[in-house]
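Okay, structure first, notes after.
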Amino acid sequence: MSALELFRLALSRLRTSRLRAALTMLGVIIGVASVVALVGVGQGTTSNITTSLASLGTNLLTVSPTTQDSDGSTSLSRNDADAIGELASVAGVAPEASTSLTVHAGDESTDTTIVGTTAEYATVRAYDVWQGTFLTDVSVDHELRVAVLGASTAETLELDADDLGTEISIGGIPFTLIGILQPKGGASFQDPDDQVVVPIGTVQKYFVGGDSVRSIGISVEPTADMTATNAEITALLRDRHELAAADDPDFDIFDQTQLLDAASSISGTLTLLLGGIASISLVVGGIGIMNIMLVSVRERTREIGIRKAIGARGRDILAQFLVEALTLSLLGGLIGIAVGLGVSALIGQIAGWGFAFDPSTLVAAVLFSLLVGVVFGVWPARQAARLDPISALRYE
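In this note's numbering, each number is its position in the sequence shown, counted from 1, plus 418.
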């Protein structure tokens, strides 16, 4: 028989026992749907984490102090930031001093992070202004009481474009609202939209005191080497802080690309783990196919004997039962893919990362379901092919 005839025969056989075929395919459907859904969730999580981290800034290095004194001062200063900005491989520098305060606007209030920084903060941290303007060199140099709100902070305070130029209160001190930032999307460890940005000198003068900074954000030129720039900054700060060669640095330099790589690696491992766990149910579905095919061989013993008696070869019987097993697993796999994609899309919608999947996952799911059909269909097919036609004809 040709492959097409075998396939038609398999479909005809399945139609005569629809309930049994449906229950047999159920294990494969659940297994494939689990694999597709969980791998889709893993890929969506990876995409969400990568997008959130990338939104914090591209080609980004962050310098942080290793220690902090009891009065909140650190080893980093605005002069350190200015010196780093002189390096040829550096595109922008934004020193940051921050604190948490209550912000009032009319009858609304919220507790949020107040970030004191410079005009380059928007470039370094990859922010766009939605309405109004960002900090300028003039406002920073003169330590003006002006504020730019993150998107979620503005929403909480019920402020929009019509409120630009009005007065808000930060820690009981009046500030003029000059801008609202475009939303970037929050991350679990830090919401970049929940903040108020003001000139760094203003924060130091009214809220935190001293002239030290919490961190220094550095945007590296796209053509520059991140590792080399990191080494340059390390050498510069060690020299400025008068550290001997044997001394431990009083600062850390955090590379955003390293975090992205680490997050992608962890998420990829998690995706493989989830897919592996889900594959167990697919194996269980394959065992179900094998059991049903063995029962089918026993039930059709007489039919097999008749086929052999009129000239069917062992390999014809083998191919017939193997194609039936493959048809069961393939149909179950296709239905499982549809169910898995639906579940993945639903979870992505609820979680907020949308529908994310890799087409190669679908190809792998189809191949895996076919492999299940082959592996668990060979034994029953071989049992059928080996039946003695005389004994089969006598079977009651």
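Here a beta-carbon is modelled for each residue, glycine too, at the ideal position from N, C-alpha and C.
*So is residue 591 buried or exposed if we call it buried at 16+ other beta carbons inside 10 Å?*
Here residue 591 refers to the residue found at position 173 of the sequence shown. In this structure residue 591 is exposed. Its beta-carbon is surrounded by fewer than 16 other beta-carbon atoms within 10 angstroms.
*Can you give me the start and stop residues for the alpha helix (DSSP H) that residue 621 sits inside?*
Locating residue 621 in the sequence shown gives position 203, where the first residue counts as 1. Element bounds for residue 621: 618-621.
_For residue 519, report the span of its beta strand (DSSP E) as first-last._
Start at 1 with the first residue of the sequence shown, and residue 519 comes out as number 101. Run containing residue 519: 508-523, per the beta strand (DSSP E) assignment.
*asked:* Report the CB separation of residue 668 from residue 495 in whole angstroms; it is logged as a contact under 8 Å.
replied: Reading the sequence shown from its first residue, position 250 is the one you call residue 668. Reading the sequence shown from its first residue, position 77 is the one you call residue 495. Taking a contact as a CB-CB distance under 8 Å, the pair residue 668 and residue 495 does not count as one, their CB atoms being some 12 Å apart.
*Is residue 441 buried or exposed, if buried means 16 or more other CB atoms sit within 10 Å of its CB?*
Translated into positions along the sequence shown, residue 441 becomes position 23. By the neighbour-count definition (other C-beta atoms within 10 Å, threshold 16), residue 441 is an exposed residue.
*Scan the segment 550-579 and note each continuous beta strand (DSSP E) run of 3 residues or more that stays entirely inside, going in chain order.*
The segment 550-579 contains these whole beta strand (DSSP E) runs: 564-567.
*asked:* Taking the alpha carbon of residue 674 as the reference point, which residue from 635, 706, 704, 752 has its own alpha carbon closest?
replied: What you label residue 674 is simply residue 256 of the sequence shown in a count that begins at 1. Residue 635 is the option with its Cα nearest to residue 674.
*Selection from 447, 479, 456, 744 that minimises the alpha carbon distance to residue 648*: Working through the sequence shown from its first residue, we reach residue 648 at position 230. Just measuring C-alpha positions, the residue of 447, 479, 456, 744 sitting nearest residue 648 is 479.
*Do residue 787 and residue 547 have their C-beta atoms within less than 7 Å of each other?*
Looking up residue 787 in the sequence shown gives position 369. Looking up residue 547 in the sequence shown gives position 129. Not closer than 7 Å, so no.
*Consult DSSP for residue 670 and reduce its assignment to one of helix, strand or coil.*
Numbered from its first residue, the sequence shown carries residue 670 at position 252. Residue state for residue 670 is assigned as strand, using DSSP reduced to three classes.
*asked:* Please report the straight-line C-alpha distance between residue 482 and residue 457, rounded to a whole angstrom.
replied: To locate residue 482, count along the sequence shown from 1; it is residue 64. To locate residue 457, count along the sequence shown from 1; it is residue 39. Taking the Cα positions, residue 482 is about 36 Å away from residue 457.
*Look at residue 531 and residue 613 and say whether their C-beta atoms are less than 7 Å apart.*
Taking the first residue of the sequence shown as position 1, residue 531 is located at position 113. Taking the first residue of the sequence shown as position 1, residue 613 is located at position 195. Contact: yes.
*asked:* Using 8 Å for Cβ pairs, my map puts residue 703 next to residue 750. What's the rounded Cβ distance?
replied: Position 285 of the sequence shown holds residue 703. Position 332 of the sequence shown holds residue 750. About 7 Å; that satisfies the 8 Å criterion.
*asked:* Quick check for students: name the residue ranges of the alpha helix (DSSP H) that lie wholly in the segment 640-666, counting only runs of 4 or more.
replied: You should have 644-658.
*asked:* So, does the segment 566-584 touch the segment 498-510, judging by three or more C-beta pairs under 8 Å?
replied: Counting Cβ pairs under 8 Å, fewer than three are found: no touch.
*Could you pull the start and end residues of the beta strand (DSSP E) that residue 533 belongs to?*
What you label residue 533 is simply residue 115 of the sequence shown in a count that begins at 1. First-last of the beta strand (DSSP E) with residue 533: 526-535.
_Rounded distance between the beta-carbons of residue 519 and residue 588, thought under 8 Å_ = Indexing the sequence shown from 1 puts residue 588 at position 170. Indexing the sequence shown from 1 puts residue 519 at position 101. With a Cβ gap of about 6 Å, residue 588 and residue 519 count as contacting.
*Buried or exposed: which applies to residue 663, given that a residue is buried once 16 or more other Cβ atoms fall within 10 Å of its Cβ?*
Taking the first residue of the sequence shown as 1, we reach residue 663 at position 245. Per the 10 Å Cβ criterion, exposed.
_Cutting at 6 Å between CB atoms, please list the residues of its own chain near residue 746, excluding the five before and the five after it._
Here residue 746 refers to the residue found at position 328 when the sequence shown is read from its first residue. By the criterion of a C-beta distance shorter than 6 Å, residue 746 is surrounded in its chain by 442, 443, 707, once the five residues flanking it on both sides are discounted.
*If we count the other Cβ atoms within 10 Å of its Cβ and call it buried at 16 or more, is residue 798 buried or exposed?*
Walking along the sequence shown from the start, residue 798 turns up at place 380. Residue environment: residue 798 is assigned as buried (16 or more neighbouring CB atoms within 10 Å of its CB, all protein chains considered).
*Same chain only: Cβ atoms within 6 Å of residue 515, ignoring 5 sequence neighbours per side*: As a first step, residue 515 must be located in the sequence shown, where it is residue number 97. Annotation for residue 515: 534, 618, 621, 622, 626, 631, 632 place their beta carbon closer than 6 Å to its own, counting only its chain and skipping 5 residues before and after.
*residue 713 to residue 609, Cα distance in whole Å?*
As a position in the sequence shown, residue 713 is number 295, starting the count at 1. As a position in the sequence shown, residue 609 is number 191, starting the count at 1. Spanning the two alpha carbons is a distance of roughly 59 Å.
*Nearest-angstrom Cα distance between residue 437 and residue 686?*
As a first step, residue 437 is located in the sequence shown; it is residue number 19 there, counting from the start. As a first step, residue 686 is located in the sequence shown; it is residue number 268 there, counting from the start. Using only the alpha carbons, I get a separation of about 39 Å.
*asked:* I'd like to know whether the C-beta atoms of residue 566 and residue 638 end up nearer to each other than 7 Å.
replied: Sequence index remark: in the sequence shown, residue 566 carries index 148 (1-based). Sequence index remark: in the sequence shown, residue 638 carries index 220 (1-based). The answer is no: Cβ separation not under 7 Å.
*Run of the beta strand (DSSP E) containing residue 542, from where it starts to where it stops*: The sequence position of residue 542 within the sequence shown is 124, counting from 1. Counting along the chain, residue 542 falls outside any beta strand (DSSP E), though it belongs to the alpha helix (DSSP H) covering 539-542.
_What residue range does the alpha helix (DSSP H) around residue 503 cover?_
Looking up residue 503 in the sequence shown gives position 85. Per DSSP, the continuous alpha helix (DSSP H) segment holding residue 503 begins and ends at 496-503.
*As assigned by DSSP and simplified to three states, the class of residue 462*: On the sequence shown, residue 462 is found 44 positions in, with the first residue counted as 1. In the structure shown, residue 462 sits in a helix (DSSP, three-state: H, G or I).
*Check each candidate in 432, 650, 568, 452 and name the one with the smallest Cα separation from residue 700.*
Numbered from 1 along the sequence shown, position 282 holds the residue referred to as residue 700. Across the set 432, 650, 568, 452, the C-alpha of 452 shows the shortest separation from the C-alpha of residue 700.
_Considering Cα atoms alone, identify which of 666, 738, 742, 781 is closest to residue 484._
Looking up residue 484 in the sequence shown gives position 66. From the listed residues 666, 738, 742, 781, the smallest Cα separation to residue 484 is found for 666.
*What are the boundary residues of the beta strand (DSSP E) that includes residue 478?*
Here residue 478 refers to the residue found at position 60 of the sequence shown. Residues 478-483.
*If you count every other CB in all the chains shown that lies within 10 Å of the CB of residue 653, and 16 or more means buried, which is it?*
The residue you call residue 653 lines up with position 235 of the sequence shown. Per the 10 Å Cβ criterion, exposed.
*Where does the unbroken beta strand (DSSP E) through residue 610 begin, and where does it stop?*
Taking the first residue of the sequence shown as position 1, residue 610 is located at position 192. Note, residue 610: premise wrong, no beta strand (DSSP E); not H, not E.
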